[in-house]
Each structure stands twice: as structure tokens, then as C-alpha cells.
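Just so you know, the working numbering puts 306 at position 237 of the sequence shown, and the rest follows in order with no gaps.
Just so it is clear, CB atoms sit at the ideal spot from N, CA and C, and this is done for glycine as well.
As the structure is a computational prediction, the values presented were derived from the model and not from experiment.
Since the structure comes first, as C-alpha cells, the remarks are kept for the end.
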Amino acid sequence: MEDYSQTSQDSQEHIRAAMKARTIALPDGTELPALGQGTWYMGEDKREAEREADALRLGLDLGMSVIDTAEMYGDGGAEKVVGQAIAGRRDDVFLVSKALPGHAGRKAIVKACENSLRRLGTDYLDLYLLHWRGSVPLGETAEALEELKRSGKIRRWGVSNLDTGDMEELLETPDGAGCEINQVLYHLGSRGIEYDLLPWQRERRMPTMAYCPIAQGGALRRELMNHPSVRETAERHSASPAQVLLAWAIREGDVLAIPKASSREHVTENAAAAALKLDEDDLKKLDAAFPAPNRKVPLDIV
Ligand SMILES: NC(=O)c1ccc[n+]([C@@H]2O[C@H](COP(=O)([O-])OP(=O)(O)OC[C@H]3O[C@@H](n4cnc5c(N)ncnc54)[C@H](OP(=O)(O)O)[C@@H]3O)[C@@H](O)[C@H]2O)c1
């Protein structure tokens with residue numbers, strides 16, 4: 070496996086080229102790199118803010134232009150870190166933020182969006198998501214999001230943590246068809262969406278944003294990273310286990326994975342996963358160890 074603590078100009082160029090070749094398309098035709106950057110837990114400790122912003126900037130340099138954040142993260146702190154990272158280079162970024170369900174009402178979502186924009190130091194979001202479903206009717210939120218689009222504060226909107234039934238309900242509302250993406254938990258150890266949500270979205274050409282693509286921290290990630298099938302696949306490609314998990318998540322060309330990394334090494338390693346293509350043998354081995362479900366399972370959420 071490569072040492073990502075020192076990356077030469079040449080290898081940066083190689084990563085950028087690989088990233089350009091791994092894209093997904095939004096319903097409106099916009100192409101995005103299949104690997105973006107998460108920000109959960111950023112902005113919680115002010116002393117870490119510059120290091121986190123630096124990691125995000127490096128990710129942008131390497132072509133991971135999608136930055137995913139939320140008003141919830143660090144109680145606005147993550148959006149401030151993102152604002153710091155993207156200052157002076159707004160055009161390099163496809164900026165995504167999310168509204169809390171408690172702010173999903175007609176008036177509240179406008180205020181929440183304006184607050185996010187202020188923390189981010191910008192006047193528009195490329196994509197605004199409903200973070201998860203709460204008590205506000207989906208139709209009301211969809212209508213308000215369309216209004217935000219018309220006002221120019223957001224370019225597109227989508228949802229997060231909505232399972233198939235919720236998606237069907239959303240699409241039946243008058244403005245529901247405006248939904249461009251659903252962001253859900255997806256990694257090798259949690260494949261529930263492959264049973265019906267992912268096929269449902271694929272039928273409608275609605276891409277998926279995969280959150281927790283490397284299973285966050287903790288025991289599950291250790292289990293995945295240390296599993297012989299993952300380790301052998303990594304060794305076979307001179308890659309790291311994290312890169313195998315990322316390459317696996319984006320293998321079909323319509324899933325955008327948003328790993329969060331706060332060190333330059335992790336960012337570089339994650340971006341370099343754009344160059345890793347798993348072949349049929351790899352996928353068979355990983356399927357055998359972590360099979361896709363053969364029945365409906367409730368949507369995994371963190
Ligand atoms: N919509 C939702 O409800 C929802 C829920 C959860 C997450 N999200 C979004 O999805 C993003 C990703 O999910 P996540 O942050 O929960 O989990 P994740 O990306 O699966 O994992 C993040 C963890 O992995 C570590 N890491 C990153 N790159 C690594 C590498 N190459 N090797 C080893 N460890 C590595 C990070 O450490 P370092 O920070 O030290 O680099 C961090 O501890 C979030 O940040 C957020 O933007 C959305």
C-alpha cells in the first residue's frame with residue numbers, strides 16, 4: 070500500500086485524473102465525482118478547525134468537490150469550518166447542507182437555509198437536503214424547497230434517511246418530483262438498501278449519496294477493515310482496506326460516497342480510491358463474506 074503522508078505532484082495529478090473518470094450524474098445532467106467529503110464531527114473543537122479546513126481544502130485540490138455538511142453538525146460548527154475551507158474558492162465546490170426535521174416547515178426552512186448560508190459564507194447551496202423525516206408533511210417541505218430553488222438560495226434539493234415507502238409518498242406530493250437525491254447509510258456491512266430502495270431509485274435515475282461509507286469508527290469498522298475478504302482484496306490491488314470499502318460503495322456508477330476525513334493522509338488515501346476498480350472476482354469474494362439481503366430490512370440510520 071502507498072504511503073499517503075507525502076504525496077508528490079505527480080501522484081496528486083494521477084488522483085485528480087482518476088477522480089475525473091469516476092463520476093455520477095444527477096437527474097439534471099450535472100456530473101459529480103463519485104467520492105466527496107463528509108464533515109460530521111468537524112467544528113466541535115475550535116482548536117481542530119484549521120486542521121479540518123486544511124483537510125477539506127486538500128480534498129478539493131484532489132477533485133473531491135462535493136462537501137456534505139449539515140446545520141446539525143457541531144451545532145453549526147461544521148458549516149463554519151466548511152466556510153473557512155471554501156473561502157475564495159466557491160466555484161470549486163458542490164456544496165451540500167441539510168435542514169433538521171424541526172426546521173422543515175414552510176417558513177422555518179427558509180430561516181434554516183439562510184443561517185446555513187451565513188455560516189458557510191456563501192449565497193447559495195448546490196444541494197439542500199431534509200436531514201430526516203419528522204412531523205412536517207413531506208409535501209409542505211417539498212413545496213418550500215421548490216420555493217427556495219426559485220429564490221436562488223439553493224440550486225437543487227433532496228432528502229436523507231428516507232426509505233422506499235417515504236420516497237413513494239414524497240413523489241406523490243405535487244412538488245415531490247423535484248427531489249434529486251436520497252442520502253442514506255451504505256457500506257459493505259450494511260447493504261439493506263440493495264433490496265428495494267436502491268433498485269427503486271435506479272428505476273427513477275435518482276442517485277444515492279452513501280453516508281458512513283467506511284462504517285464510521287468503532288467495532289464495525291474494525292471488523293470490516295480486518296475481514297480476510299477485505300484484506301485480501303486490498304492486498305491484491307496494493308490498496309488499503311478503506312479504499313476497498315470506498316471502491317465497493319461506488320462500484321455501480323450511481324452512488325456518491327462521502328467519507329469524512331480530518332487528516333491529510335486519510336483524505337489522500339480516500340481520494341486515491343477513485344483509481345481502484347474492483348473486478349468480478351473481488352466482488353464475488355466480498356459478496357460471499359457480506360451478502361446482500363434477500364428480504365426487506367429497515368433502513369439503517371445513525
Ligand atoms: N444524512 C445523515 O443522516 C448522515 C449520517 C451520518 C453521516 N453523514 C454524512 O456522511 C459523512 C460520512 O459518514 P461518517 O463521518 O459518519 O463516517 P465515515 O466517513 O464512514 O467514517 C469517518 C471515520 O473514518 C475515519 N477515516 C477516514 N478516512 C479513513 C481512512 N482512509 N482510513 C481509516 N480511517 C479513515 C475518520 O477519521 P479522521 O477524521 O481521523 O480522518 C473518521 O473517524 C459524514 O461526515 C456526514 O457528512 C450523514
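Item checked: Inter-residue Cα distance where the pair is glycine 234 and methionine 70 -> Here residue 234 refers to the residue found at position 165 when the sequence shown is read from its first residue. Here residue 70 refers to the residue found at position 1 when the sequence shown is read from its first residue. Spanning the two alpha carbons is a distance of roughly 43 Å.
Check: Span of the alpha helix (DSSP H) holding alanine 211?
Finding: For the purposes of this step, residue 211 is identified with residue 142 of the sequence shown, where counting begins at 1. Start and end: 207-219.
Margin query: At a threshold of 7 Å, does glutamine 285 count as lining ligand 1 (C-beta to nearest heavy atom)?
Written below: To locate residue 285, count along the sequence shown from 1; it is residue 216. Yes.
Notebook entry, point to check: Going straight from the alpha carbon of alanine 118 to that of arginine 364, what length do you get?
Noted result: Within the sequence shown, residue 118 is the residue found at index 49, counting from 1. Within the sequence shown, residue 364 is the residue found at index 295, counting from 1. Cα to Cα, alanine 118 sits roughly 43 Å from arginine 364.
Next item on the list: Please name the residue in Gly112, Ala284, Ala279, Glu301 whose C-alpha comes closest to that of lysine 353.
Entry: Locating residue 353 in the sequence shown gives position 284, where the first residue counts as 1. Residue Glu301 is the option with its Cα nearest to lysine 353.
Checklist line | Outcome for proline 102 when other beta-carbon atoms lying within 10 angstroms are tallied against a minimum of 16 | finding: The residue you call residue 102 lines up with position 33 of the sequence shown. With 16 or more Cβ atoms within 10 Å of its Cβ, proline 102 is classed as buried.
Note to self: I need the boundaries of the beta strand (DSSP E) containing aspartate 160, first residue and last residue.
What the structure shows: For this step, residue 160 is matched to residue 91 along the sequence shown. Premise fails: aspartate 160 is in no beta strand (DSSP E) and is neither H nor E.
Next item on the list: Enumerate in chain order the residues of its own chain whose CB-to-CB distance from glutamate 292 is below 8 Å, with the five nearest sequence positions on each side excluded.
Entry: Start at 1 with the first residue of the sequence shown, and residue 292 comes out as number 223. Once the five neighbours on either side are set aside, the close Cβ partners of glutamate 292 are Gly258.
Margin query: So, with DSSP's three-state summary, where would you put leucine 368?
Written below: Position 299 of the sequence shown holds residue 368. Leucine 368 falls in the coil class under three-state DSSP.
Next item on the list: Check the C-beta distance from valine 205 over to proline 243 and give it rounded, since I have them as a contact under 8 Å.
Entry: By 1-based counting over the sequence shown, the position of residue 205 is 136. By 1-based counting over the sequence shown, the position of residue 243 is 174. No, valine 205 and proline 243 are not in contact; Cβ-Cβ is about 15 Å, not under 8 Å.
Note to self: I'd like to know if the segment 338-356 and the segment 134-146 are in contact, where contact means that at least 3 CB-CB pairs between them fall below 8 Å.
What the structure shows: no
Next item on the list: With DSSP as the reference, label tryptophan 226 as helix, strand or coil.
Entry: In the sequence shown, counting from the first residue as 1, residue 226 sits at position 157. Note: tryptophan 226 maps to strand in three-state DSSP.
Note to self: If you measure between the beta carbons of leucine 347 and valine 135, is that distance less than 8 Å?
What the structure shows: Locating residue 347 in the sequence shown gives position 278, counting from the first residue. Locating residue 135 in the sequence shown gives position 66, counting from the first residue. In this structure, valine 135 does not lie closer than 8 Å to leucine 347 by Cβ.
Item checked: Where the alpha helix (DSSP H) through cysteine 281 begins and ends -> Mapped onto the sequence shown, residue 281 falls at position 212. Counting along the chain, cysteine 281 falls outside any alpha helix (DSSP H), and DSSP gives it neither H nor E.
Next item on the list: Say yes only if the C-beta of glycine 407 is nearer than 7 Å to one or more non-hydrogen atoms of ligand 1, and no if none qualify.
Entry: The chain is shown only over 70 to 371; residue 407 falls outside these bounds and no answer can be derived.
Notebook entry, point to check: In or out: isoleucine 370 buried (at least 16 other Cβ within 10 Å) or exposed?
Noted result: Walking along the sequence shown from the start, residue 370 turns up at place 301. Label assigned to isoleucine 370: exposed.
Check: Can you find a heavy atom of ligand 1 that lies under 7 Å from the Cβ of lysine 329?
Finding: Along the sequence shown, one-based indexing puts residue 329 at 260. Result yes, Cβ under 7 Å from ligand 1.
Notebook entry, point to check: Is the segment 142-160 close to the segment 195-202, with three or more CB pairs under 8 Å?
Noted result: no
Margin query: So leucine 104 and isoleucine 250 are supposed to be a Cβ contact under 8 Å. How far apart are they, rounded?
Written below: Residue mapping note: residue 104 aligns to position 35 of the sequence shown, counting from 1. Residue mapping note: residue 250 aligns to position 181 of the sequence shown, counting from 1. Rounded, the Cβ-Cβ distance is 15 Å, inconsistent with contact.
Notebook entry, point to check: Is it true that the CB of arginine 187 sits closer than 8 Å to the CB of alanine 213?
Noted result: On the sequence shown, position 144 is the one that residue 213 refers to. On the sequence shown, position 118 is the one that residue 187 refers to. No, Cβ-Cβ distance for alanine 213 and arginine 187 is not below 8 Å.
Checklist line | For glycine 286, the nearest candidate out of Thr76, Ala86, Trp109 (CA to CA) | finding: Position 217 of the sequence shown, counted from the start, is the residue given in the question as residue 286. For glycine 286, the nearest C-alpha among the options comes from Trp109.
Margin query: Buried or exposed for proline 276, going by 16 or more other Cβ atoms inside 10 Å?
Written below: For the purposes of this step, residue 276 is taken as residue 207 along the sequence shown, with counting starting at 1. Buried, because 16 or more other Cβ atoms sit within 10 Å of the Cβ of proline 276.
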